[in-house]
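Student:
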Amino acid sequence: MTARHFLLDTDLTSSEQAALLDLADQLKATRRDRKPARRPLEGRSVALIFEKPSTRTRLSFDVAVAELGGHPIVIDSGSSQLGRGETIEDTAAVLSRYVDAIVIRTFAQDRVDRMAAAATVPVINALSDHTHPCQALADLQTIREIRGRLAGVTLTYLGDGNNVAHSLLLAGALAGLRVHVASPPGYEPIEQVVRHANEIGAVTGGEALVMHDALEAAAGADVLYTDVWASMGQDTESDSRALVFQPYRLDEKVVEAARPDAIVMHCLPAHREMEISAAVLDGPRSVVFDQAENRLHAQKALLSFLLDETTAGVGSR
Ligand code: CP
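For what it's worth, this note's numbering labels the leading residue of the sequence shown as 25, then goes sequentially.
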C-alpha cells in the first residue's frame, strides 16, 4: 500500500480539505467538552524532525500525537545523524522501519519531497522554504469558525511572498477564497504558485491576485494577514528588508481600509512595530492565538486523515 503524504496544500482535494476542517472542528469541540476522545494512533509512533526552530509546530504536533493515543518522538539535526550529513533518503528508510509517520520541518521543499519518495510511511511537511501547509489548514479553520464560510471570503496578505503566502494562495484557492497579496516589487510570491492557485480558483471560485499597494489590497478585505519580513535563514537581510517592507506594515491605517468586521491574522512569532503594530496585534480584531490553538486541532485532523483508515473516506493513493 502506498503511503499518503501531505507535502503541499494541493495534496488534498477541495472536498478532502473541507472534510478535514470538519474533523478539526469536531476534535476541537470534543476536547473543549472533555468528552472521551478516539485514539486512532494507539500503539503508533510519529517522528517529528525539526531542522529549523519551532514553538507552535513542534508543541502542537507533539500534543496532537499524544492526544490521539500515539507516541511522538522529536529529533533535530543537531542531535541526530542528519546534522552530520546522513542522507535524507537513508533517514527516511530507517525511520520507516520504526515509526508510522514522519513530520519534517526543513529548508528546501526538495528535502520534504525526497523524504516522501524514500519513506514507506506518510510524510507531513511542517514547513519548508516553499510552503507551510499545516499553518494554512489551521488558518482556514480559524477563518471558517469566525466568518462561518470560506468561499468568497477576501483575505489580504501583506508582506513577503514567502512560504506562508504560498500556502495561503494554494489552500485558499482550494477553499474558494480570494487571496490578495501585496508585496514590494521583487518580493512577490512565485508566479507558478499564483498561476496554480488561479487554475484551482477557476473551479472553486477562488482568486489569487498580486498587488503592490497595501491600502488598495486591504480595501474591503474580510481578513488581514501578515508574517515576518525576514524568514528563518534570512536574518542577515533583516535591516535591508525592514526598509523595503515598511509600507506593508499591518497597522491601524490598513485595518481602517478593510471591512469594519475584518479579522487580523499572523502565524507567529510576531515582531511588534515591525510587520504589525502592537495595537493591531493585541487589539480586538486579532485572532492570532485562535490560529495558534487551531494548529493542534487541524494537525490532529490531518494525522487522523492520513493514518486512521476509519476516518472519512480517505484512503491511500
Ligand atoms: N507559525 C509557526 O509555524 O510557528 P513555529 O515556527 O513556532 O512552529
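C-beta: ideal position from N, C-alpha, C; glycine also.
1) Hey, could you find the ends of the beta strand (DSSP E) Ile-73 is sitting in?
2) Answer yes if the stretch 248-264 comes into contact with the stretch 213-224, meaning at least three C-beta pairs across the two stretches below 8 angstroms, and no otherwise.
3) What does the alpha-carbon distance come out to for the pair Met-2 and His-190?
4) So Ala-206 is in the beta strand (DSSP E); what residue range does that whole segment cover?
5) By Cβ distance, which residues of its chain are closer than 8 angstroms to Val-338, with the 5 residues on each side in sequence left out?
6) Is the beta carbon of Thr-115 within less than 6 angstroms of some heavy atom of the ligand CP?
7) Assign Pro-284 to one of three DSSP states: helix, strand, or coil.
8) Could you give the first and the last residue of the continuous alpha helix (DSSP H) run that contains Ala-190?
9) Tell me Leu-179's beta-bridge partners as DSSP assigns them.
10) Under 6 angstroms: does the beta carbon of Ser-328 sit that close to some heavy atom of the ligand CP?
11) Helix, strand or coil for Pro-213? Go by DSSP, reduced to three states.
12) Using the Cα positions of Ser-367 and Val-145, report the straight-line distance between them to the nearest angstrom.
13) Alpha helix (DSSP H) containing His-321: first to last residue?
14) Taking all protein chains shown into account, decide if Val-227 is buried (16 or more other Cβ within 10 angstroms of its Cβ) or exposed.
15) So Thr-250 packs on Glu-299, CB below 8 angstroms; how close in whole Å?
16) May I ask you to verify whether the stretch 308-319 touches the stretch 171-187, counting CB pairs closer than 8 angstroms and requiring at least 3?
17) Is Leu-292 near the ligand CP, in the sense that its beta carbon is under 6 angstroms from a heavy atom of that ligand?
18) When the distance is taken between beta carbons, is Val-218 closer than 7 angstroms to Val-234?
19) Should Cys-291 and Val-136 be called a contact, given that it needs their Cβ atoms to be closer than 7 angstroms?
20) Check whether the Cβ of Arg-80 sits closer than 6 angstroms to any heavy atom of the ligand CP, and report yes or no.
21) Which one or two residues does DSSP pair with His-290 in a beta bridge?
22) Just the C-alpha distance for Asp-134 and Asn-149, rounded to the nearest angstrom, thanks.
Tutor: So, from the data block:
1) Residues 69-74.
2) Using a C-beta cut-off of 8 angstroms, the stretch 213-224 makes no contact with the stretch 248-264, since fewer than three inter-stretch Cβ pairs fall below that distance.
3) Since the first residue of the chain shown is 25 and the last is 341, residue 2 is not available in this structure.
4) 202-206
5) Note on Val-338: pLDDT 43, under 50, position unreliable in the model; the coordinate value appears next. Result list for Val-338: Arg-28, Glu-40, Ala-43, Phe-329, Leu-330, in chain order.
6) no
7) coil
8) Here the sequence assigns His to residue 190, which means Ala is not the residue at that position. Counting along the chain, the alpha helix (DSSP H) containing His-190 begins and ends at 187-198.
9) By DSSP's assignment, Leu-179 forms a beta bridge with Val-203, Val-247.
10) No, since every heavy atom of the ligand CP falls outside the 6 angstroms radius drawn around the Cβ of Ser-328.
11) coil
12) Examination of residue 367 is not possible in this model, given that the chain is present from 25 through 341 alone.
13) 312-331
14) exposed
15) 5 angstroms
16) no
17) yes
18) yes
19) no
20) It does: the Cβ of Arg-80 is within 6 angstroms (strictly closer) of some heavy atom of the ligand CP.
21) Thr-250
22) Taking the CA atoms as reference points, Asp-134 sits about 11 angstroms from Asn-149.
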